[in-house]
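Numbering-wise (this note's numbering), the sequence shown opens with residue -7 and increments by one.
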Amino acid sequence: MLRVERLSKSFGGVQAARDVSIDFPAGSLTAIIGPNGAGKTTFFNLISSHLRPDSGRVVFDGADIVGLSSLEVVRRGMARAFQVAALFPSLTVRESLSAAVTSRRRRSWRVLTRFPFRDLDARVDELLALLGLAAKAAVPSHQLSHGDQKLLDIGLALAMDPKVLLLDEPTAGMGPDERWRMIGRVQHLWQATGMTVLFIEHDMDIVFKIAQRVHVLKYGAVLAQGTPEEIRRNPDVIDAYLGTDHRAPA
Ligand SMILES: Nc1ncnc2c1ncn2[C@@H]1O[C@H](COP(=O)(O)OP(=O)(O)O)[C@@H](O)[C@H]1O
Ligand SMILES: [Mg+2]
């Protein structure tokens, strides 16, 4: 579904991506982890065409998308959440989702969107149910809790009918309860839609609990990749990043 090959990007003297090659199979749920400044957000900027790589390829759904505009990449089915600027504070949750679905339908010149014949309200109801926000449909988005605003932000991305969804630290700034609620929701919508989901996450308990595969970045390079179990045991990862707390029991 999505494959990056030898992706590199420098900002002046800082090499934020070094020869990164990763394959994301269709329908997978994958975590990207690594210390602050490791290049995780840059990696998302590169694959979503918000930044152009210095070298390397991003193959999405069979085509190299390097050089395409980020809007074109969204149109082809890669959406990204947590661009909170996309929220319209005075609109209700329902109005925000309706606006996003409408803009998607205007922008898309594909006849075969996934929901071609159903009307707008039905699609919005479906999104509300998927997000668990049906009871808050009439609430202005600026009155939502932090967690619900982030869910709505995911909803705006889902309104684009993505095949691939990118989540940059979906649980940032949340307390433990809200965090697990968010991650349960992410897992639910991944299972319900069959999308390919990539998420950046700091909380190792969350990563090890839900990810199918984990890729560890350090200084812009892939330090390790594997299943959560492999990553948990990887001595490089333990030394570089996890500390002894996460060492697997002998
Ligand atoms: N637009 C930019 N201009 C200059 N330097 C940047 C830019 N974006 C990121 N960087 C630098 O690239 C490195 C990786 O940053 P980032 O991808 O945000 O890391 P992470 O998300 O893993 O914390 C950091 O050293 C950061 O300062
Ligand atoms: Mg980041």
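Yeah, the Cβ is synthetic: ideal placement off N, Cα and C, and Gly gets one too. These numbers come from a predicted model, not from an experiment.
Contact annotation, R44 with V58: C-beta distance approximately 7 Å; criterion of less than 8 Å satisfied. Bounds of the beta strand (DSSP E) holding K210 are 205 to 210.
Distances from the CA of G48 to each of S40, A71, S13 were compared; the closest alpha carbon is that of S13. If you look at D11, you'll find it in the beta strand (DSSP E) that goes 6 to 16. Cβ-Cβ separation between A92 and L148: approximately 5 Å, consistent with a contact (criterion under 8 Å). Judged by DSSP in its simplified three-state form, I24 adopts strand. Separation of the CB atoms of I25 and L190 is rounded to 12 Å, and the pair is thereby denied contact status at 8 Å. The beta carbon of I223 sits no closer than 7 Å to any heavy atom of ligand 2. In chain order, the residues with a C-beta atom nearer than 7 Å to some heavy atom of ligand 2 are K32, T33, D160, E161, I192. L112 sits exposed, since fewer than 16 C-beta atoms from the chains shown fall within 10 Å of its C-beta.
In the DSSP assignment, R171 falls within the unbroken alpha helix (DSSP H) covering 168 to 185. Taking all protein chains shown into account, S40 has 16 or more neighbouring C-beta atoms within 10 Å of its C-beta and is therefore buried. Residue side-chain check: N28 places its Cβ nearer than 7 Å to a non-hydrogen atom of ligand 1. In this structure, DSSP gives V131 a state outside helix and strand, which the three-state scheme calls coil. Rounded to the nearest angstrom, the gap between the Cα atoms of L83 and K155 is 27 Å. According to the DSSP assignment, E(-3) belongs to the beta strand (DSSP E) that extends over -6 to 3. Boundaries of the alpha helix (DSSP H) harbouring L150: 138 to 150, taken from the DSSP string.
Of the other Cβ atoms in all chains shown, fewer than 16 fall within 10 Å of the Cβ of S2; this residue is therefore exposed. Inclusion of L21 and I202 in the CB contact set at 8 Å is warranted, their separation being smaller than that value. By the neighbour-count definition (other C-beta atoms within 10 Å, threshold 16), R72 is a buried residue. The three-state secondary structure of L83, taken from DSSP, is coil.
With respect to the C-alpha of G19, the residue from T34, L157, G29, K210 having the closest C-alpha is L157.
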